[in-house]
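Novice: Sequence lines, in order, name chains A and B.
Everything in the first sequence is counted per full-length UniProt numbering, starting at 1 for the first residue and increasing by one.
Everything in the second sequence is counted per full-length UniProt numbering, starting at 1 for the first residue and increasing by one.
Idealized CB from N, CA, C, for every residue including glycine.
There are 2 protein chains.
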Amino acid sequence: MAKLDFSPIADTTRRAEIVALLRRAILTGQLEPGQKLNELRISEQMRVSRAPLREAMRELVQEGILTSIPYAGTFVIEVTAKDIVDAYSLNQMLDEFAIEQTWPQRDQRFFDELDRRHEAVKQATRAKDTTRQIETALQLHGLIYEWADNSVLLETWQRLTSRLQMYFALHQRARNEPVPAEDLHETYVTLLKDSDMRAAQRHAREHIGLDFEELLAYARGLETRASKN
Amino acid sequence: MAKLDFSPIADTTRRAEIVALLRRAILTGQLEPGQKLNELRISEQMRVSRAPLREAMRELVQEGILTSIPYAGTFVIEVTAKDIVDAYSLNQMLDEFAIEQTWPQRDQRFFDELDRRHEAVKQATRAKDTTRQIETALQLHGLIYEWADNSVLLETWQRLTSRLQMYFALHQRARNEPVPAEDLHETYVTLLKDSDMRAAQRHAREHIGLDFEELLAYARGLETRASKN
DNA sequence: TCTTGTTAGATTGTCGACAACCTGCTTGTC
DNA sequence: GACAAGCAGGTTGTCGACAATCTAACAAGA
Chain A
1 MAKLDFSPIA
11 DTTRRAEIVA
21 LLRRAILTGQ
31 LEPGQKLNEL
41 RISEQMRVSR
51 APLREAMREL
61 VQEGILTSIP
71 YAGTFVIEVT
81 AKDIVDAYSL
91 NQMLDEFAIE
101 QTWPQRDQRF
111 FDELDRRHEA
121 VKQATRAKDT
131 TRQIETALQL
141 HGLIYEWADN
151 SVLLETWQRL
161 TSRLQMYFAL
171 HQRARNEPVP
181 AEDLHETYVT
191 LLKDSDMRAA
201 QRHAREHIGL
211 DFEELLAYAR
221 GLETRASKN
Chain B
1 MAKLDFSPIA
11 DTTRRAEIVA
21 LLRRAILTGQ
31 LEPGQKLNEL
41 RISEQMRVSR
51 APLREAMREL
61 VQEGILTSIP
71 YAGTFVIEVT
81 AKDIVDAYSL
91 NQMLDEFAIE
101 QTWPQRDQRF
111 FDELDRRHEA
121 VKQATRAKDT
131 TRQIETALQL
141 HGLIYEWADN
151 SVLLETWQRL
161 TSRLQMYFAL
171 HQRARNEPVP
181 AEDLHETYVT
191 LLKDSDMRAA
201 QRHAREHIGL
211 DFEELLAYAR
221 GLETRASKN
């Protein structure tokens with residue numbers, strides 16, 4: 001019998017689809033930070049009862065992109081400059097760890113996948129599809145976490161990614177101009193293929209840092225504006 | 001007007017209480033790994049309808065201590081040796097980071113709280129209340145995360161703690177004898193009060209490592225037994 | 001004018017019932 | 001006896017309605 005990998009069957013519950021829909025709406029910025037999610041309205045729009053919608057919202061609350069106050073409502077999380085700093089500094093630490101864990105596991109399949117994802121970023125960049133550009137860049141970046149073969153680490157990264165994606169999408173929407181070129185990824189990919197682990201770690205640190213500074217400046221701007229109200 | 005800090009009022013939803021009840025049942029090992037949670041049965045026992053129960057279960061699924069398969073059921077997560085290794089190695093990394101972040105923030109309040117929690121561990125040890133001993137030890141350990149002033153890091157740690165607590169509780173239940181003395185914590189506390197950050201980091205690494213080796217051996221035993229079925 | 005009590009409307013939390021689905025057993029056929 | 005089809009029981013997923021709670025507007029009193 002030939003060895004054949006079947007992908008898992010799709011979740012066929014309404015709940016799972018609702019989760020996907022809501023998550024996408026939040027991470028692309030269609031639902032803005034602080035916005036309240038009216039259960040009745042959303043359930044009517046989706047042609048679904050409130051039960052699966054509420055369960056979906058509970059999941060997203062635990063995922064950290066929604067927040068719930070009993071009898072008051074469920075809201076998209078607010079983005080503060082401190083949140084970004086926190087997420088960023090933890091991300092740096094995790095990156096270093098993930099690269100360390102992945103390093104001995106790198107093989108041809110890893111390199112191929114690396115190229116595939118890098119190509120996806122370049123394509124999104126050429127198409128000027130900024131939302132997709134953020135998505136693919138994070139997927140490229142997530143490869144080291146998938147390869148690290150540590151399920152808890154991967155979960156942690158995915159939770160963090162939700163927030164990062166949201167932050168970048170907001171930033172992107174605000175300035176409404178294309179994200180910088182993909183040269184940074186070029187170096188990143190090259191270093192991951194190379195033999196100097198420390199160099200890869202160092203680059204990951206600095207590479208992410210660049211986008212981060214801009215992002216942070218944007219968030220500080222938001223807060224300054226908010227404090228004037 | 002005198003400055004007075006009111007603590008937030010308790011969540012008064014059934015859902016929140018159910019979450020607390022279930023979490024406790026899982027983390028103390030009353031609900032065993034792999035066990036299925038029958039919604040109807042539990043809802044009847046708690047005198048609650050299935051709606052808030054299901055929402056509570058969704059939260060615990062996202063928290064990582066339950067797992068759900070559509071139309072099949074919701075189960076307590078299985079514990080594999082690899083899970084423990086994964087959680088442990090990530091924990092080491094996070095500890096180092098947390099100590100680094102906390103270090104400059106240490107003040108008298110920190111030291112006082114450190115002593116308070118240490119005392120709680122000693123008390124639980126004297127009372128031979130093993131469940132509480134695990135709880136308090138993890139709370140003592142969690143202080144550096146609370147003081148690190150990084151909300152994302154704290155969340156991550158709390159998720160990890162759920163699993164760690166479950167692992168230790170299982171181990172504890174299995175061998176059914178008191179956990180070793182609190183001398184290890186004595187050193188830990190002393191080092192956190194001292195001025196040598198590296199030493200504290202190194203100790204945290206090794207200190208946790210001791211309990212861990214036993215835990216791991218236990219998990220491997222579980223798997224060996226399971227594979228014979 | 002400010003504060004306090006009341007009330008109406010809207011929203012969230014919870015409930016009981018029904019629909020969809022899975023599992024294991026039975027039945028019938030070869 | 002082996003195997004497939006179909007049925008029965010039980011469990012999860014979803015629904016619509018009701019109860020509890022919050023908010024804001026309004027009225028009454030100091």
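1) In three-state terms, what does DSSP make of A/T161?
2) Please report the distance separating the alpha-carbon of A/H171 from that of A/A204.
3) Going along the stretch 97 to 131 of chain B in order, which residues come within less than 7 Å of chain A, judged by CB to CB distance?
4) Quick check on the DSSP output: the beta strand (DSSP E) that includes A/S68 runs from which residue to which?
5) Give me the DSSP bridge partner(s) of B/L37.
6) Going along the chain, which residues of its own chain have a beta-carbon closer than 7 Å to the beta-carbon of B/E55, five neighbours each way excluded?
7) Go through its chain and collect everything with a Cβ distance to A/L27's Cβ below 7 Å, but skip five positions before and after it.
8) How long is the line joining the alpha carbons of A/E223 and B/R173, rounded to whole angstroms?
9) Just the chain B side, please: which residues come within less than 9 Å of A/D11 by C-beta, in chain order?
10) Could you tell me which whole alpha helix (DSSP H) segments of length 4 or greater appear in the stretch 106 to 131 of chain B?
11) Anything in chain B within Cβ reach of A/G64, meaning under 7 Å, just list it in chain order.
12) List the whole-angstrom C-beta distance separating A/V61 from A/L216, where the pair is believed to meet the contact cut-off of C-beta under 8 Å.
13) If we cut at 7 Å on Cβ distances, does A/E55 have a partner in chain B?
14) Quick one: any contact between the stretch 191 to 199 of chain B and the stretch 80 to 97 of chain B, if contact means 3 or more CB pairs under 8 Å?
15) Let me know the secondary structure DSSP gives A/S43 once reduced to three states.
16) Buried or exposed, going by whether 16 or more other CB atoms sit within 10 Å of the CB of A/D211?
17) For the alpha helix (DSSP H) containing A/L53, name the first residue and the last one.
18) For A/T102, count the other beta carbons within 10 Å of its own beta carbon; 16 or more makes it buried, fewer makes it exposed. Which is it?
19) For a quick check, are the C-beta atoms of B/E78 and B/P33 less than 7 Å apart?
20) Does A/P52 pass the burial test, meaning 16 or more other C-beta atoms within 10 Å, or should it be called exposed?
21) Can you name the residues of chain B whose CB is closer than 8 Å to the CB of A/E146?
22) Can you check which of these residues, B/G64, B/F111, B/E155, is closest to A/G64 by C-alpha distance?
23) Counting only Cβ pairs nearer than 9 Å, list the residues of chain B close to A/L90.
24) Roughly how many whole angstroms lie between the Cα atoms of B/Q133 and A/R50?
25) Alpha carbons only, please: which of A/D83, A/L138, A/I144 is nearest the one belonging to residue 252 of chain A?
26) With burial defined as no fewer than 16 other Cβ atoms inside 10 Å of the residue's Cβ, what is the status of A/N150: buried or exposed?
27) Does the CB of A/E78 have a neighbour CB from chain B at under 7 Å?
28) In whole angstroms, what is the alpha-carbon distance linking A/E146 and A/E113?
29) Using the C-alpha atoms, what's the distance from A/E206 back to A/L191?
30) Short check: CB of B/V189 to CB of B/H118, under 7 Å?
31) Can you find the residues in the same chain that come closer than 6 Å, C-beta to C-beta, to A/A2, ignoring five residues on each side of it along the sequence?
32) Using a C-beta to C-beta distance shorter than 7 Å, which residues of chain B count as neighbours of A/A51?
33) Sort B/K122, B/R41, B/E135, B/Q45 by Cα distance to B/L184 and report the nearest one.
34) Which residue from B/T131, B/E44, B/K36 puts its Cα closest to that of B/I69?
Specialist: Answer, in terms of the structure:
1) Position 161 of the first sequence, counted from the first residue, corresponds to residue 161 of chain A. Reduced to three states, the DSSP call for A/T161 is helix.
2) Within the first sequence, the letter at position 171 stands for residue 171 of chain A. Within the first sequence, the letter at position 204 stands for residue 204 of chain A. Using only the alpha carbons, I get a separation of about 21 Å.
3) Residues of the stretch 97 to 131 of chain B whose Cβ lies closer than 7 Å to any Cβ of chain A, in chain order: F97.
4) Counted from its first residue, the first sequence places residue 68 of chain A at position 68. Membership of A/S68 in the beta strand (DSSP E) is indicated by the continuous run 66 to 69.
5) Counting from one through the second sequence, the residue named residue 37 of chain B turns up at place 37. Note: B/L37 sits in a beta bridge opposite B/T74.
6) Residue 55 of chain B sits at position 55 when you count from the first residue of the second sequence. Cβ contact annotation for B/E55 (same chain, cutoff 7 Å, sequence separation greater than five): R15, in chain order.
7) Walking along the first sequence from the start, residue 27 of chain A turns up at place 27. Setting aside the 5 residues that flank it on each side, A/L27 is surrounded in the same chain by S162, Q165, M166, A169, each with a C-beta closer than 7 Å to its C-beta; the list follows chain order.
8) In the first sequence, the residue the question calls residue 223 of chain A occupies position 223. In the second sequence, the residue the question calls residue 173 of chain B occupies position 173. Roughly 50 Å separates the two Cα atoms.
9) Taking the first sequence and counting its residues from 1, one reaches residue 11 of chain A at position 11. Ordered by position in chain B, the residues that pass the 9 Å Cβ test against A/D11 are P70.
10) If only complete runs of 4 or more residues are kept, the stretch 106 to 131 of chain B shows the alpha helix (DSSP H) at 108 to 126, in order along the chain.
11) If you number the first sequence from 1, residue 64 of chain A lands on position 64. When 7 Å is used as the limit between beta carbons, A/G64 is near these residues of chain B: E155, in chain order.
12) Residue mapping note: residue 61 of chain A aligns to position 61 of the first sequence, counting from 1. Residue mapping note: residue 216 of chain A aligns to position 216 of the first sequence, counting from 1. Contact between A/V61 and A/L216 does not hold, since the beta-carbon distance rounds to 26 Å and is not under 8 Å.
13) As a working mapping, residue 55 of chain A is identified with position 55 in the first sequence. So yes, A/E55 belongs to the interface.
14) Fewer than three pairs of CB atoms, one per stretch, sit closer than 8 Å, so the stretch 191 to 199 of chain B makes no contact with the stretch 80 to 97 of chain B.
15) One-based indexing of the first sequence puts residue 43 of chain A at position 43. Look at A/S43 here: in three-state DSSP terms it is helix.
16) As a working note, residue 211 of chain A is residue 211 in the first sequence. Answer is buried; the Cβ neighbour count reaches 16.
17) Start at 1 with the first residue of the first sequence, and residue 53 of chain A comes out as number 53. Segment 50 to 63, the alpha helix (DSSP H) holding A/L53.
18) In the first sequence, counting from the first residue as 1, residue 102 of chain A sits at position 102. Around the Cβ of A/T102, a 10 Å sphere holds 16 or more other Cβ atoms; the residue is buried.
19) As a working mapping, residue 78 of chain B is identified with position 78 in the second sequence. As a working mapping, residue 33 of chain B is identified with position 33 in the second sequence. Yes, the pair counts as a contact, with Cβ atoms nearer than the cut-off.
20) In the first sequence, the residue the question calls residue 52 of chain A occupies position 52. Burial state of A/P52 is buried, judged by a 10 Å Cβ sphere holding 16 or more other Cβ atoms.
21) For the purposes of this step, residue 146 of chain A is identified with residue 146 of the first sequence, where counting begins at 1. Neighbours of A/E146 on chain B: none; closest Cβ ~14 Å, over 8 Å.
22) Along the first sequence, read from residue 1 onward, the residue named residue 64 of chain A stands at position 64. With distances taken between Cα atoms, A/G64 lies closest to B/E155.
23) One-based indexing of the first sequence puts residue 90 of chain A at position 90. Going along chain B in sequence order, the residues near A/L90 (Cβ under 9 Å) are L94, F97, N150, V152, L153, T156.
24) Against the second sequence, residue 133 of chain B aligns to sequence position 133. Against the first sequence, residue 50 of chain A aligns to sequence position 50. Straight-line Cα distance between these residues: approximately 42 Å.
25) This structure gives no information on residue 252 of chain A, because the portion of chain A shown stretches from 1 to 229.
26) Locating residue 150 of chain A in the first sequence gives position 150, where the first residue counts as 1. The residue in question, A/N150, is buried, as its Cβ has 16 or more Cβ neighbours within 10 Å.
27) The residue labelled residue 78 of chain A in the question sits at position 78 within the first sequence. Not a single CB atom of chain B sits nearer than 7 Å to the CB of A/E78.
28) Position 146 of the first sequence, counting from 1, holds the residue named residue 146 of chain A. Position 113 of the first sequence, counting from 1, holds the residue named residue 113 of chain A. In a straight line, the C-alpha of A/E146 is about 11 Å away from that of A/E113.
29) One-based indexing of the first sequence puts residue 191 of chain A at position 191. One-based indexing of the first sequence puts residue 206 of chain A at position 206. Approximately 13 Å, taken between the alpha carbons.
30) Along the second sequence, one-based indexing puts residue 189 of chain B at 189. Along the second sequence, one-based indexing puts residue 118 of chain B at 118. Closer than 7 Å, so yes.
31) Indexing the first sequence from 1 puts residue 2 of chain A at position 2. With a pLDDT of 43 at A/A2, under the threshold of 50, the modelled position of this residue cannot be trusted; read the value that follows with caution. Contacts found: none.
32) Taking the first sequence and counting its residues from 1, the one referred to as residue 51 of chain A is at position 51. Identification of chain B residues near A/A51 by a Cβ-Cβ cut-off of 7 Å yields A51, ordered along the chain.
33) Translated into positions along the second sequence, residue 184 of chain B becomes position 184. When each option's Cα is compared against that of B/L184, the closest is B/K122.
34) The sequence position of residue 69 of chain B within the second sequence is 69, counting from 1. Closest option to B/I69, Cα to Cα, is B/K36.
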